[in-house]
Every structure is written in structure tokens, then in C-alpha cells.
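Enquirer: Below is the structure I would like to discuss, written out as C-alpha cells.
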Amino acid sequence: KKVQMRISDYFKCE
Amino acid sequence: MFEAKLIQGAILKKILDAIKDLVNEASWDCSSQGMSLQAMDTSHVSLVAVQMKADGFDKYRCDRSVTLGMNLSSLSKILKCAGNDDTITLKAPDDGDKITLVFEAKNESETSEYEVKLMNLDSEYLGIPDTPYSVNVKMPSHKFQRICRDLQQIGDAVTISCAKDSIRFAAKGDLGSGTVNLCQTASADKPEDSVSISMQEPIIQSFALKYLNHFAKATPLSPQVSLSLSPDVPLVVEYSITDDDGSDFGYIRYYLAPKIDE
């Protein structure tokens with residue numbers, strides 16, 4: 013079973 | 121005062137077609153460098169970044185940087201009123217609450233003018249690390265579109281794997297499975313039909329096809345698409361934007377977070 017990651021798990025707010 | 125004129129207005133129409141179904145509202149950041157936009161989709165799984173360079177416009181004036189927040193489906197509706205051969209001019213006064221779009225038909229005396237309301241949006245700007253990727257693939261954009269559309273018939277996710285000189289797209293579902301394998305092409309007779317693969321290390325990652333099919337709406341902008349992958353980071357799908365003369369105008373980059381094993 014795979015889970016969908018979010019973009020904010022990788023890129024942080026500037 | 122901000123004013124940007126694009127003789128090939130169709131480029132702007134295609135850019136909106138490529139982002140309007142993914143992002144509802146976004147801000148265009150306009151500076152002397154050009155126009156750019158960065159926005160996440162509503163579920164925060166993907167990110168789109170657009171850049172249009174100032175020197176790609178036929179006329180560009182930006183006295184001071186402005187942020188033009190707008191509803192992209194409204195902008196897209198207005199742009200549908202422009203013909204494919206129309207020149208499009210965007211105008212915004214420094215402290216206005218709307219943007220004006222002027223469409224001029226070629227060799228005709230007809231001009232039309234529309235206004236779109238601007239919005240104040242709380243935009244979060246994400247920092248995208250500039251890192252090298254394990255795999256870079258360039259392939260015909262229509263081929264990528266076709267693969268994503270076909271595999272969505274089979275399953276919700278595609279597993280992309282790359283080893284040696286080939287890239288493999290695979291999907292599984294209740295009805296069965298499907299795989300498309302693409303090998304690097306030797307000849308460069310027609311660069312737009314070529315597949316080129318540069319790999320530092322083998323990779324295997326899964327992504328939701330729903331988003332890739334959204335990204336493929338940028339296909340009319342470019343004959344080639346570039347895919348960049350590294351383990352455990354978002355996939356980058358890039359379409360470069362060129363005008364009819366082949367000059368570089370900017371890009372649309374989509375970033376998609378992977379699906380990982382629980």
C-alpha cells in the first residue's frame with residue numbers, strides 16, 4: 013500500500 | 121504601471137490551459153525580469169511554476185514590481201475570447217484592483233478589451249532546492265501525454281523506473297497491468313521526436329496519474345518534455361516555452377510528490 017506525499021513534505025516556505 | 125504585449129497571444133492561452141484545472145487562484149509576480157507564478161494545487165500534492173521572461177514579450181514595461189492575484193479560471197474564460205492569432209496586451213495600473221486585457225486581431229481594425237478583477241491572495245512561496253537529479257529524460261511531449269492517458273485506464277498510479285538506456289512506465293489495476301518501455305533513440309534527425317536519457321543511478325518511483333494527466337495539458341506548448349527524478353523527492357516535469365521563431369520565452373515546471381510505501 014502506497015501513501016501520497018505532499019509537496020510541502022519536501023519544499024519549505026520561504 | 122505594468123504593461124506586457126505578446127504578438128503571439130496563443131502562447132498565453134496555452135499557458136492558462138495548462139494550469140487552470142490544477143490551480144484555482146494564483147498570483148502573477150511581475151518584475152522587470154518578467155512574469156512568474158508559483159502555486160500548489162488545492163490538495164498540496166503538486167506545485168506549478170511558470171516563468172515568462174520580459175524579453176520574450178514584444179513590449180514589456182514594469183515600473184515597479186507588482187503582484188497580480190487572480191482567479192485563473194476567470195482569466196482563462198477571458199482568454200478564450202481572444203483569437204489564436206490575436207495580439208494580447210496585459211495592462212495594470214500600480215494600485216488598481218483589476219487587470220485589463222486588450223485583444224487585437226491581425227490585419228483587422230477590431231480590438232476588444234476585457235477587465236478581470238484582482239484579488240489579494242495569501243500566497244505561500246516554497247523554496248525549491250536546486251539539486252542535481254539522478255535521472256533526466258527528454259522525450260516527445262505527445263508521447264508522454266499518450267502514456268499517461270493510456271495508463272490511467274489501468275490504474276491510479278504509474279511506477280517509473282529507469283535503468284541503463286531505457287525508461288519504463290508501469291501501471292496495475294483490477295483489470296490487469298500495462299507497461300510502456302522507451303529506449304533512448306540514436307538519431308537526431310528530428311530532435312523533437314528523440315528520447316534522451318541521462319542516468320546517474322537507477323531509480324524506481326510511483327506517482328499519481330491524475331496529476332501527470334493535468335501536467336500533460338501543457339503539451340501544446342512544447343514538442344519535448346523533460347522529466348527529472350531522484351530517490352524520495354518530487355518529480356519535475358518541465359515544458360519549455362518557445363515562440364514561433366524558436367526563441368526561449370520561459371517554462372512551465374510541475375513538481376509532483378511521490379507515492380511511497382507505507
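Protein sequences, first through last, are from chains A and B.
Under my numbering, think of the first position of the first sequence as 13, with each following residue one higher.
Under my numbering, think of the first position of the second sequence as 121, with each following residue one higher.
Beta carbons: idealized from backbone N, C-alpha and C, even for Gly.
(1) Would you check if the stretch 276–285 of chain B and the stretch 323–341 of chain B touch, i.e. whether three or more CB-CB distances between them fall below 8 Å?
(2) Where B:Y374 and B:G275 are concerned, what is the direct C-alpha to C-alpha distance, given to the nearest angstrom?
(3) Applying a beta-carbon distance threshold of less than 8 Å, which residues of chain A neighbour B:P378?
(4) What does B:E382 touch in chain A if you count any residue whose Cβ is under 9 Å from its own?
(5) Can you pull out the residues from the stretch 226–248 of chain B whose beta carbon lies closer than 7 Å to at least one beta carbon of chain A?
(6) Which of the three DSSP states, helix, strand or coil, is assigned to B:T220?
(7) Which ranges does the beta strand (DSSP E) cover as unbroken runs of at least 3 residues, wholly within the stretch 192–237 of chain B, from first to last along the chain?
(8) Whose Cβ in chain A lies nearer than 7 Å to the Cβ of B:S160?
(9) Using only CA atoms, which one of B:P354, B:S297 and B:K258 lies nearest to B:P311?
(10) Within 10 angstroms of the Cβ of A:V15, are there 16 or more other Cβ atoms? Answer buried if so, exposed if not.
(11) Using 7 Å as the limit for Cβ to Cβ distance, is B:L167 near chain A?
(12) In the DSSP output, what is B:K379 paired with across the bridge?
(13) Would you list, in chain order, the members of the stretch 342–353 of chain B that have their beta-carbon closer than 9 Å to a beta-carbon of chain A?
(14) Note the first and the last residue of the continuous alpha helix (DSSP H) segment covering B:L126.
(15) Among B:D206, B:V236, B:L188 and B:L199, which residue has its Cα nearest to the Cα of B:D214?
(16) Hey, how far is the Cα of B:L349 from the Cα of B:V357?
Expert: Taking the coordinates as given:
(1) Touching, yes, given that three or more Cβ pairs across the two stretches are closer than 8 Å.
(2) Straight-line Cα distance between these residues: approximately 21 Å.
(3) M17
(4) K13, K14 and V15
(5) E244, Y245, L246, G247 and I248
(6) strand
(7) Qualifying beta strand (DSSP E) stretches, in chain order: 207–212, 218–224 and 231–237.
(8) In the sequence as presented, Ser is not what sits at residue 160 of chain B; that position holds Met. Within 7 Å Cβ-Cβ: I19.
(9) B:K258
(10) exposed
(11) yes
(12) A:Q16 and B:S326
(13) D352 and V353
(14) Looking at the DSSP string, B:L126 is not in any alpha helix (DSSP H); the run it does join, the beta strand (DSSP E), is F122 to L126.
(15) B:L188
(16) 9 Å
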